[in-house]
Each structure stands twice: as structure tokens, then as C-alpha cells.
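By this note's numbering, the letter at position 38 of the first sequence is numbered 43, and the numbering carries on one by one without gaps.
Ideal placement from N, C-alpha and C gives every residue a C-beta, glycine not left out.
Predicted, not measured: the structure shown is a model, and the values here were computed from it.
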Amino acid sequence: NRIPPEPSGGRNSAEESVNGLAGDPLASQSSGLKPASEDPSGGESQPGTPLPVPGHSGLSIQEMVAMSPELDTYAITKKVKEVLTDNNLGQRLFGETILGLTQGSVSDLLARPKPWHKLSLKGREPFVRMQLWLQDPQSVEKLMHMKRLEKKAYMKRRLSSLSDGHSVDGALAGSDYVQGSQSPGQQQLKKPRVVLGPEEKEALKKAYQQKPYPSPKTIEELASQLNLKTSTVINWFHNYRSRIRRELFIEEIQAAGGVGPGSEGGSPSLRGSKSGEGDSCDGTESEGTAETRQGLGIGLEDHRGACKDHDMEAESEAGGSNSSPTQLDCVTSGLSGPGSSCGQAGLGLFSLTEASSSSSASSTNIPASGPVRNPRDNNLRKKKAANLNNIIHRLEKAASKEDPSEWEF
DNA sequence: TGAAAGTCAATATC
DNA sequence: GATATTGACTTTCA
Numbered sequence: 006n007r008i009p010p011e012p013s014g015g016r017n018s019a020e021e022s023v024n025g026l027a028g029d030p031l032a033s034q035s036s037g038l039k040p041a042s043e044d045p046s047g048g049e050s051q052p053g054t055p056l057p058v059p060g061h062s063g064l065s066i067q068e069m070v071a072m073s074p075e076l077d078t079y080a081i082t083k084k085v086k087e088v089l090t091d092n093n094l095g096q097r098l099f100g101e102t103i104l105g106l107t108q109g110s111v112s113d114l115l116a117r118p119k120p121w122h123k124l125s126l127k128g129r130e131p132f133v134r135m136q137l138w139l140q141d142p143q144s145v146e147k148l149m150h151m152k153r154l155e156k157k158a159y160m161k162r163r164l165s166s167l168s169d170g171h172s173v174d175g176a177l178a179g180s181d182y183v184q185g186s187q188s189p190g191q192q193q194l195k196k197p198r199v200v201l202g203p204e205e206k207e208a209l210k211k212a213y214q215q216k217p218y219p220s221p222k223t224i225e226e227l228a229s230q231l232n233l234k235t236s237t238v239i240n241w242f243h244n245y246r247s248r249i250r251r252e253l254f255i256e257e258i259q260a261a262g263g264v265g266p267g268s269e270g271g272s273p274s275l276r277g278s279k280s281g282e283g284d285s286c287d288g289t290e291s292e293g294t295a296e297t298r299q300g301l302g303i304g305l306e307d308h309r310g311a312c313k314d315h316d317m318e319a320e321s322e323a324g325g326s327n328s329s330p331t332q333l334d335c336v337t338s339g340l341s342g343p344g345s346s347c348g349q350a351g352l353g354l355f356s357l358t359e360a361s362s363s364s365s366a367s368s369t370n371i372p373a374s375g376p377v378r379n380p381r382d383n384n385l386r387k388k389k390a391a392n393l394n395n396i397i398h399r400l401e402k403a404a405s406k407e408d409p410s411e412w413e414f
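Structure, rendered in C-alpha cells:
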């Protein structure tokens, strides 16, 4: 992975920023800006653990990551978002200058940080960088300075392009900063981005519910039925599994009562029909997650194991009957409604696959009687029902096997 | 070696 | 214009 080019020709790569945190020549100007971290040691929601400053300690960022104590990734991202918002600093500038990441990555990282213990060394690096940045009393000043430099450079380009009779965009397009170092010829060779339609996504999600780890044969079939490349289907499954897992981490933190986004009502899993529509691998939703799992003693690793088990079950079931359509038929035909023989695989007592994709409580099959509940309660109920489904399904599976050694939990 | 993790960058959305 | 999403790809890990 490369570090993005420098925006304005200045010394602002992430590496330099980190290594230069202690000794940056930028003068501290009193501007009334909210300091990045008035209390580096951290208040209740503050990123807590102060790190040694690389410039002083002589450590590389990798060494610092390796030596770093456990950091509260949620508190760090929360604080970073706060500082960026308060000072009107963009994710792009922050990402490219401080983290060496692109805007999209920064957005993702800030919105869905993974817990420290789930991160690899490489994954921890941005959080260490953020922590260092927060610790730096001049962090905001430096970034503001960078912003000014960028603006200056932009104005300069605009002026010169105007005098040359070229558009600014044209001038920008020719720079590394905007387009990278590709020549126009290379740009034309670029593959167009595949954008999956809602039907395709729906079919893939249904397929995922039945087989989170599809066999190559299933992938082939899915690809041909959806008219996609097999690599697209493979990528989709990789990405979906990965993103579902991340949603689960968020939920786990929330359930643990941490500083997670839930404390502000911003759980990604509850964002309506976007990424929150994620399903867990065994026919339930991602919402059937930590809270419930913890209560029932099912951890994430167990959950993942269940995915594979379920996959194998689905695999054997799919090819096992001649009298009913295969699961794949059901997935791609969209005929899994009531009365159809489709849509039953992987479901327990409550049918949550389709209905609970909506954030509306009434869309679940959970009885609506009783006192009016707030959305949080409904979500909890959905989670519990979904998890119950999962357990019941596996119990049923287990019970259907004569040899106890074949029971799968 | 396959799956997960991490990231880019095009595109969508606000 | 800034931020969010997501398909594709590379790197890391078990």
C-alpha cells in the first residue's frame, strides 16, 4: 500500500508527520482553536494511553505500534471525529497528512473502528498515529496550516491555469495529487467499476444466508445466474463476510457497554437499509450479535465456526433433494415467499431473513402485542429472536442426526 | 494456501 | 464539497 502523494508539495507524508510530531517547525499560533487534546491522558471518553513521541523516543511507527499498550480505538476515533468536526478539518486532509490513508479509508476507520485486540499490527498503525496526533498539542494547528497551504497551492494553480487558458480541473488532473501518476493512456485502460444492482445484491445476500462460504461450484452458478464474473462473486463474499464481522465487533463493544457508537445511538448495524442490513452467516441478522451472544455464551469465534458448519449443511442439503428447487434456485429466482418451497433453509421459528431487513419493528414476525416499546427494545427483541432462531435451527439439525458424534454446535 | 485484514479509489449520497 | 459505501486488489496471518 502506498502512501498518497503529498497534496501541495510540502513535507506532509504520514511518516514524516508522525516522526516530526515533536519537532515540527510550525509555530504555535494562538488562534482560539479547540486543542486536539487538552487532556492527553484522557477523561472518561478520551483516548487514554499516552504514547511516547516518536521524534523524541527515536522509535519508528512500527516499533511504536509493536510496543503500544492496548488503545481504546473507539475513544480515539470519537475524539478524532470531534476534533476534526470542531475545527472544520476534512477526512481527506487528515487521512493523507496524518495517517497516510485515503478519504474512504479514513471514513471507514472512523465510523467502524475495530477493537484493538482484533487488529493486526498493520491495522493498529492508524490508531497509534491518531493517538499521537491527539497527544500533540499543536496537532490542529499543523493541520490547519496544511489546509492553508493546500488552499494557497490551489489558488496558485487556478491563477496560472487561468492565465494559460486551461481549466483548474485540467491542471489538477495532470498532477499526481489528484490522479496519481497514471498517464492518460493508462487511465483509458482502467476497468470500469462494477456496480451491483439491488436485485443482484439481494440474491447474493440470500445466497450468503444459506452459504457464507460457498463452494466454487456455487460461486460459478451464482455468477452465471446473476450474469457476473466469478471473481466479482468471490470478492463480494469476501467483502461481505469481512464487513459483517466488523459490524459484529461494533455490536460487541456496544453490548459490553463501552464507549462505542451505540452510546450515541449511531450503531452502524442500525443504520437502516445500508450496511446495517448485514446478515449473520447463519440466516439471522447481524443484529443478532454480541448482546445476545454474550447472554447465551456464544462468542464470535463460535459464531464463525457455525458459519462453516452451516455451509457444509447447506451444501449437502442443496444437492440432496430432487423434489424441491435447490437453494440457489430460490436465491436467484426471488421466489422465497410464503407457499414457496424456497426460503425455509436456515430459518427457525421466526422468519427473519427478509422481514427484519427493515428497521421497522412491525416488519418482524415478533408478536407486536404488549406495551409499546422503543426502537432499542425492538432491536433487542429482534436480536434475541434471531439468535434463538439460530440455536433452534442448529438444535433441530443436531436432533435429526442419529449419531451424536455428528451433532453440530 | 485459503481466509482475513487492510486499503484504494470509483461512485453514491448528503 | 465532504463524507459514506463498496468492488477490487494486496498483504498478512494461521
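Round the Cβ separation of Met135 and Ile66 to the nearest angstrom and send it over; I've been treating them as touching at under 8 Å.
In fact, because the Cβ distance is near 12 Å, the residues do not count as touching under 8 Å.
Only counting runs of 4 or more residues, tell me where the alpha helix (DSSP H) segments fall wholly within the segment 87 to 162, in order along the chain.
96 to 99, 108 to 116 and 126 to 140
Tell me the residue span of the alpha helix (DSSP H) that contains Ser73.
Segment: none, Ser73 is in no alpha helix (DSSP H) and carries neither H nor E.
Name the residue from Gly109, Trp121 and Ala71 whose alpha carbon lies nearest to the alpha carbon of Glu257.
Trp121
Between which two residues does the alpha helix (DSSP H) harbouring Lys206 extend?
Pro203 to Gln215
What do you get for Met151, buried or exposed, if any count of 16 or more other CB atoms within 10 angstroms of its CB means buried?
buried
Once DSSP output is grouped into helix, strand and coil, what is the label at Ser65?
coil
Let me know the secondary structure DSSP gives Ser220 once reduced to three states.
coil
Are the CB atoms of Pro221 and Phe242 within a distance shorter than 8 Å?
no
If you drop the 5 nearest sequence neighbours on each side, which residues of the same chain put their C-beta closer than 7 Å to that of Gly100?
Leu106, Thr107, Gln108, Ser110 and Val111
Contacting residues, own chain, Cβ-Cβ under 6 Å from Glu204 (five flanking each side not counted):
none
Expressed to the nearest angstrom, what Euclidean distance is found between the alpha-carbon atoms of Pro197 and Ser247?
23 Å
Taking the C-alpha atoms as reference points, what is the distance between Val145 and Leu115?
17 Å
Among the residues of its own chain, which have a CB less than 8 Å from the CB of Pro376, if the five just before and after it don't count?
Per-residue confidence for Pro376 stands at a pLDDT of 32, beneath the threshold of 50, marking its modelled position as unreliable; the derived number appears in the next sentence. Counting only Cβ-Cβ distances below 8 Å, and skipping sequence neighbours, we find nothing.
According to DSSP, is Glu401 helix, strand or coil?
The pLDDT assigned to Glu401 is 44, lower than 50, so where the model puts this residue is not dependable, and the model offers no usable value.
Using CA atoms only, rank isn't needed, just tell me which of Arg129, Ser168, Lys210 and Ser236 is closest to Ala71.
Arg129
Taking the alpha helix (DSSP H) that Arg198 belongs to, which residues open and close that run?
No alpha helix (DSSP H) holds Arg198; DSSP gives it neither H nor E.
Thinking just about the alpha-carbon of each residue, which of Arg153, Leu231 and Thr90 is nearest to the one in Val200?
Leu231
Which one of Gln140, Lys127, Leu154 and Leu64 has the shortest CA to CA distance from Val85?
Gln140
For Thr102, does the count of other Cβ atoms within 10 angstroms reach 16, so buried, or fall short, so exposed?
buried
Check each candidate in Leu98, Leu233 and Ser168 and name the one with the smallest Cα separation from Arg153.
Leu98
Span of the alpha helix (DSSP H) around Leu253
Thr235 to Ala260
Name the residue from Ile255, Gln259 and Ala260 whose alpha carbon lies nearest to the alpha carbon of Arg117.
Ile255
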